[in-house]
Amino acid sequence: MPETTYQGRLHNLQKELMARYYAELTASAGGNGTPAAYLLIGGNPVELLRAFDILPVYPEVNALQLAVKKQSLGHIQMAEGMGYSTDNCAYVKADIGLYFSGRTTPFATIPEPSLLLCNYVGCNVYLHWFDHLAEFTRRPAFHLDIPFIRTKSGTPTKDDIDYVKRQLLELIGVCEQISGRKLDEDKLRRAVELSSKTGELWAKVKHLTKRSPAPYDAYFDSVMMMAPLYCLRGTEEGLVFFQTAYDEYQQKAQLGVGPLERETFRYVIEGPPPWPYLRVFRDMFTRWDAVAVASTYSTVGGLWEFGFAHDPDRPLESIAEHLLQWNLTNRNFLQRYDQIDRYIQEWNADALVIHSVKSCRLFSAGQGDMRDYFTKRGVPTLLIESDLEDPRYFSEAQMRNRIDAFFESLKHRKLIAAMS
Amino acid sequence: MQGKLDEFEALVFHSICDPARNLASVFARNFAQKKIEYIHFPQRIDAPDAVDYLTAEYERMADWAGELTGHRPSDEDLESSIALYDEIRRVIRALYQFRRDQPHDVSTRELYALVRYGHVVAPEQHLRVLTGAMEQLQGRQGKPKDRARILVVGSFCEQPPLDLIASIESAGCYVVDDDFVLGRRFFADDIAGTAGRPLRAMAEAYVRHSVDASVKHDLTHSKAARLVRRAQDYRADAVVVLTAKFCEPALFDYVLYRNALQAAHMPHVFLEFEEKMWLFDKIKTEIETFVESLLFT
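In the order they appear, the protein sequences are chains A and B. Mind the numbering: the first sequence is residues 124 to 543 in the numbering used here, read in order. Mind the numbering: the second sequence is residues 112 to 408 in the numbering used here, read in order.
Written out as structure tokens, the structure is:
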């Protein structure tokens, strides 16, 4: 069986940078005076926070880290004891349980929020989540209302952009109160410039997997890169990380080196991973020499591979455009089909794997229709189910059987195609 | 896919929850012959420009309705429509007040059917029936029974079967308030100031006078605190949180409701239903047990 190992300086750099980031959170929790704002990954306006030196804290990232370290279940059960249903999003439950457990994790102590910034970008659960945090923490809360894309063209109207811009101006006023200083416009422009360059590099990194073999796995390795993308975007460190990522993967691409000894199957994958079983899940694909060449989950926080970049000359407009249009969550389901279609065509994928998660209806509601759509278009499509955070909903044997059967049939299909 | 929506040429969706939002796309793909539209209500009710934003959305919807029917509603059309629906809502509010004051003279099963009837008939007909019902109810002189006065919340979207509502009542309850068929009763007051600006008046009503709902987010006040006050004002003995299975907005709100009800020492119970359920013994037993527990505390 091909061995899955993390290697390269990129992984070590990620660990180093994230350790530093988490140390900042712990220091803020310890009362060093750095304000911290909780915000959400979907289309996040982290540039604005960075302009005020407000530490961005992502409850989703904390929740997934807990799951990866197999520490999510206790927090989930604590939340269920408070009345949360087994049908409520497990990210929320893990976060609420963490809050009421003292906010200490193996990787950091999470600070109390100076601001709860609910960037409502498509996901309705975000609103409930932050309503609850506002109730429990009694800290200032600001909902950033991002109108859902509802034009036939799939682009936001000028009215929507202006509506979001006006809210960003209000948010600046809130950040000025929290931080105790006026907005430094040069600092905002610099944060947006760094974000722009980071986004461009991330896009270039993503396009590298069009090659065969793909130099990295666009799901299992991408999720490693997502943490710096959200936590460090808009900073010099974030830019250094993505420059390193591009350099490393481009070198691998030029050498014709991939994450596996052999690349037999190329697939696109839709949906978040089962974080408590990340390694086990990855091995279910690598045993078939299958490499993910694109993933929709890696675009939740931003979609840069199709030409978008933040614009430091239009900082608020481009932040608004990012929030409205250039992320997965604020786009409608049919736009997601188009996105997956592009991946399959342009990234030359053999198949689509839909990992449907119990917790997340933004992803999972309608995935049956997605499977139907792509199957009828002749794309071999596998639909499997578990959860992104709750370890109780992962059946390893069943999952392995489904994945094995799928790749077995793909192998047969390739054989037939080769013979004819 | 069974053809039950064949007579509808168009459907309008709104982001009450993630499945509802995604459903708009699933419909658009599978029923390309139908016109699908989506409205995004403001999720910052207290934003300075929430009314401006929503007015623009209503204008967009009016344009769309005009394309659909060949006639964009004029201000006069809208004003008279608003007046008609305001009247309907006034009668419904009166019926709800009647039930609060005399729950022995009108069952929730009856009231529910009266309100929901509006889904399937023209509003003028609905108003006639509601008005007639109100007149008839004035003549009832039933005897109050020894039942628990309860608030039922959580069923604002997917609706419980009528027999379930009847089961709740027959288990020993008078429902003194609920959020059934909430869309028919979404405004607490008449939509005022419509002359020459009906869409703006509607936007103002949504932002300033719409009732609390699990699908509406308003950081200016606590829905849970208002629920407790409502229960106290209506002399409710208990609150029943009755939610559709898997309804995420309701399941989230339950946590905050539970905290507030416990803090206020207001008895409450949580129950789930499925729209297509047909056996009610279990849930009736649960309510009966709950009502008995009220008697002995």
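Beta carbons: idealized from backbone N, C-alpha and C, even for Gly.
When DSSP builds the beta bridges, which residues end up paired with residue i?
| i | result |
| --- | --- |
| Leu178 (chain A) | A:Ala159 |
| Ile147 (chain B) | B:Leu122 |
| Asp288 (chain B) | B:Leu262 |
| Ser237 (chain A) | Note: Ser237 (chain A) sits in no beta bridge, so no partner. |
| Leu311 (chain A) | Answer is none; Leu311 (chain A) lacks a bridge partner. |
| Val476 (chain A) | A:Ile392 and A:Leu505 |
| Val414 (chain A) | A:Arg389 |
| Thr227 (chain A) | A:Thr232 |
| Tyr144 (chain A) | Per DSSP, none; premise fails for Tyr144 (chain A). |
| Tyr243 (chain A) | A:Asp268 |
| Phe298 (chain B) | B:Ser321 |
Anyone know if the C-beta pair for residue i and residue j falls short of 8 Å?
| i | j | result |
| --- | --- | --- |
| Ala472 (chain A) | Tyr466 (chain A) | yes |
| Cys549 (chain A) | Leu511 (chain A) | Outside the displayed range of chain A (124 to 543) lies residue 549 (chain A), so it cannot be described from this structure. |
| Val263 (chain B) | Leu362 (chain B) | no |
| Met349 (chain A) | His134 (chain A) | no |
| Gln366 (chain A) | Leu317 (chain A) | no |
| Asp348 (chain B) | Ala259 (chain B) | yes |
| Asp283 (chain A) | Leu447 (chain A) | yes |
| Ala399 (chain B) | Gly283 (chain B) | The displayed chain sequence assigns Glu, not Ala, to residue 399 (chain B). In this structure, Gly283 (chain B) lies closer than 8 Å to Glu399 (chain B) by Cβ. |
| Glu393 (chain A) | His330 (chain A) | no |
| Phe391 (chain B) | Leu222 (chain B) | no |
| Leu65 (chain B) | Val402 (chain B) | Here chain B comprises residues numbered 112 to 408, so residue 65 (chain B) is not present and cannot be evaluated. |
| Lys216 (chain A) | Ile199 (chain A) | yes |
| Pro438 (chain A) | Arg289 (chain A) | no |
| Leu256 (chain A) | Leu240 (chain A) | no |
| Phe364 (chain A) | Leu533 (chain A) | no |
| Val287 (chain B) | Tyr228 (chain B) | no |
| Val326 (chain B) | Ile127 (chain B) | yes |
| Leu141 (chain A) | Pro351 (chain A) | Note that residue 141 (chain A) is Met in the sequence shown here, rather than Leu. Yes, these two residues count as a Cβ contact at 8 Å. |
| Arg183 (chain B) | Glu280 (chain B) | no |
| Phe223 (chain A) | Met201 (chain A) | yes |
Return yes when at least one heavy atom of the ligand MG lies under 7 Å from the C-beta of residue i, else no.
| i | result |
| --- | --- |
| Thr498 (chain A) | This structure lacks the ligand MG, and indeed carries no ligand of any kind. |
Identify each residue in the stretch 264-277 of chain A for which the Cβ-Cβ distance to at least one residue of chain B is less than 7 Å, and report them in chain order. Ala264, His266, Asp268, Pro270, Phe271 and Arg273
Closer than 8 Å between beta carbons: that is the criterion. Which residues of the stretch 141-160 of chain B meet it against chain A? Asn141, Glu148, Tyr149, Ile150, His151, Pro153, Gln154, Arg155, Ala158, Pro159 and Asp160
Would you call the stretch 288-308 of chain B and the stretch 182-202 of chain B in contact, with 3 or more CB pairs under 8 Å? yes
In chain order, what residues of the stretch 359-370 of chain B put their CB closer than 8 Å to some CB of chain A? Glu359, Pro360, Leu362, Phe363, Asp364, Tyr365, Val366, Leu367, Arg369 and Asn370
When you check each C-beta in the stretch 128-140 of chain B against every C-beta of chain A, which residues fall closer than 9 Å? Cys128, Asp129, Pro130, Ala131, Arg132, Asn133, Leu134, Ala135, Ser136, Val137, Ala139 and Arg140
Residue ranges of each alpha helix (DSSP H) run of no fewer than 4 residues wholly in the stretch 245-271 of chain A, ordered along the chain? 247-260
Chain-ordered residues of the stretch 194-209 of chain A with a beta carbon less than 7 Å from chain B: Met205, Gly206, Tyr207 and Ser208
Taking a Cβ distance cut-off of 8 Å, strictly less, list which residues of the stretch 488-507 of chain A are near chain B, in chain order. Ala488, Gly489, Asp492 and Tyr496
Restricting to runs no shorter than 3 residues, where is the beta strand (DSSP E) found entirely within the stretch 312-397 of chain B? 349-355 and 379-384
Using 8 Å as the Cβ pair cut-off and three pairs as the minimum, do the stretch 147-159 of chain A and the stretch 357-376 of chain A touch? no
At a Cβ cut of 7 Å, what residues of the stretch 341-359 of chain B count as close to chain A, listed as they run along the chain? Phe357 and Glu359
When Cβ atoms are compared, which residues of the stretch 163-175 of chain B fall closer than 7 Å to chain A? Tyr164 and Ala167
Can you give me, in chain order, the residues of the stretch 281-292 of chain A that have a beta carbon less than 8 Å from any beta carbon in chain B? Asp282, Tyr286, Arg289 and Gln290
Taking any Cβ of chain A, which residues in the stretch 261-276 of chain B have a Cβ under 8 Å from it, in chain order? none
Quick check: the stretch 243-258 of chain B against the stretch 197-215 of chain B, are there 3 or more CB pairs under 8 Å? yes
Segment contact flag, the stretch 318-335 of chain B with the stretch 174-194 of chain A, C-beta cutoff 8 Å, min 3 pairs: no
Counting pairs of beta carbons, one from the stretch 243-259 of chain A and one from the stretch 141-148 of chain B, are three or more of them closer than 8 Å? no
Contact between the stretch 199-213 of chain A and the stretch 367-378 of chain A (3+ Cβ pairs under 8 Å): no
Using a Cβ-Cβ cutoff of 7 Å, what residues of the stretch 373-385 of chain B are near chain A? List them in chain order. none
Is the stretch 378-388 of chain B in contact with the stretch 286-293 of chain B, if contact means three or more CB pairs nearer than 8 Å? no
Determine contact between the stretch 159-176 of chain B and the stretch 205-224 of chain B, defined as no fewer than three beta-carbon pairs at a distance below 8 Å. no
Taking 8 Å as the threshold, find out whether the stretch 144-160 of chain B comes into contact with the stretch 263-271 of chain A through three or more Cβ pairs. yes
Three or more beta-carbon pairs under 8 Å between the stretch 335-347 of chain A and the stretch 386-402 of chain A, yes or no? yes
Check whether the stretch 397-415 of chain A and the stretch 112-125 of chain B are in contact - that is, three or more C-beta pairs closer than 8 Å. no
Quick one: which residues of the stretch 339-364 of chain A get their C-beta closer than 7 Å to a C-beta of chain B? List them in chain order. none
Within 9 Å of chain B by C-beta, residues of the stretch 229-246 of chain A in sequence order: Cys241, Tyr243, Gly245 and Cys246
Every unbroken alpha helix (DSSP H) inside the stretch 180-252 of chain B [4 residues or more]: 186-212, 219-227 and 234-249
Sequence ranges, alpha helix (DSSP H) only - wholly within the stretch 288-365 of chain A, length at least 4: 308-330 and 345-354
Mind checking the stretch 452-466 of chain A against chain B and listing, in chain order, the residues whose C-beta falls within less than 7 Å of any C-beta there? Asn455, Phe456 and Leu457
Members of the stretch 309-323 of chain B near chain A, C-beta cut-off 8 Å: none
Quick test of the definition: if touching needs 3 or more C-beta pairs under 8 Å, does the stretch 491-506 of chain A touch the stretch 524-543 of chain A? yes
Select from the stretch 506-536 of chain A all residues with a C-beta closer than 7 Å to any C-beta belonging to chain B, and list them in chain order. none
What are the uninterrupted segments assigned as alpha helix (DSSP H) that are 4 or more residues long and contained completely in the stretch 440-490 of chain A, given in chain order? 456-469 and 484-487
Using a Cβ-Cβ cut-off of less than 9 Å, give me the residues of the stretch 132-157 of chain A that come near chain B, in sequence order. none
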